[in-house]
Structure formats: C-alpha cells, structure tokens
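If you count the sequence shown from 1, position 25 lands on 29 in my numbering, and the numbers rise without skipping. Just so you know, even glycine gets a beta-carbon here, dropped at the ideal spot from N, CA and C.
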Amino acid sequence: MTESRDLMGKKNEETMTPIMVRDDLALMLHELESVNELFSYYKSMIDTEPTVDDETGVTTLKKLQS
Numbered sequence: 005m006t007e008s009r010d011l012m013g014k015k016n017e018e019t020m021t022p023i024m025v026r027d028d029l030a031l032m033l034h035e036l037e038s039v040n041e042l043f044s045y046y047k048s049m050i051d052t053e054p055t056v057d058d059e060t061g062v063t064t065l066k067k068l069q070s
C-alpha cells in the first residue's frame, strides 16, 4: 500500500487504486465532452443572427458570413 498525502501534507487514509483513477479519468472525460458540447452550442449561437419573418412571426437563426 502506498502512502498518499493531501496538499497540506497530511496523510490520507484512503489511497487511490487503479480502478478509482480510471473512474476519475472517465468522469473527467465525460465532463470535458459536456463542456465541449456547450462551447459548440454557444459558438454556433454567436455565429448566427436571429431574423423574424414578418408574416408568420417565426424567429429563425441565419448563419453569419465569415
């Protein structure tokens, strides 16, 4: 069993097993993918301009020319 310490130098009673590390990495990857999806969504919103059809009142998003 390996000894682990926190940032203050205190011994941690619980050690990280390979399974725990793998689970933590999987969780971080999932969170990163979620953040990437949110970023892509908001970037697409920035790259568009809302337009309202006068006849129907429907708002659509028109992609801006770059």
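- About 29 angstroms separates the Cβ atoms of Leu33 and Thr52, ruling out a contact at the 8 angstroms cut-off.
- When the alpha-carbon of Ser48 is set against those of Lys67, Asp28, Val62 and Asp58, the nearest one is in Lys67.
- Taken through DSSP and simplified to helix, strand or coil, Leu31 comes out as helix.
- About 14 angstroms separates the CB atoms of Pro54 and Thr60; that is not less than 8 angstroms, and the two are not in contact.
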